[in-house]
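Numbering (the numbering used here), first residue to last: 6 to 81. Just so you know, even glycine gets a beta-carbon here, dropped at the ideal spot from N, CA and C. The structure presented is a predicted model; accordingly, all values stated were derived computationally and were not measured. For reference, the structure discussed in these notes is given below.
This is the structure in structure tokens:
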């Protein structure tokens with residue numbers, strides 16, 4: 006399996022970084038396992054038409070705000 010995995014690298018705020026690690030530690034898993042489980046869950050729900058569009062819409066709106074704020078900071 007190691008040969009078929011791909012890396013994801015992200016720069017997070019200290020608060021977000023801590024939140025990921027806190028949730029992982031509280032549940033006895035790694036952050037990468039949480040990310041993998043989320044992706045699998047979303048893929049399965051999307052294929053089965055059980056995807057909560059309001060949930061993904063809310064996440065996407067938040068992500069767009071974060072992306073826009075980062076673009077503004079990098080142009081300065």
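Are the CB atoms of residue i and residue j nearer to each other than 7 Å?
i: residue 25; j: residue 34; result: no
i: residue 17; j: residue 29; result: no
Can you tell which of the options has the C-alpha that lies nearest to the C-alpha of residue i?
i: residue 44; options: 28, 22, 20, 13; result: 13
i: residue 68; options: 11, 15, 9, 8; result: 15
Within the region 16 to 75, note down every full alpha helix (DSSP H) run reaching 4 residues or more, in order along the chain. Complete alpha helix (DSSP H) runs here, min 4: 19 to 32, 36 to 52.
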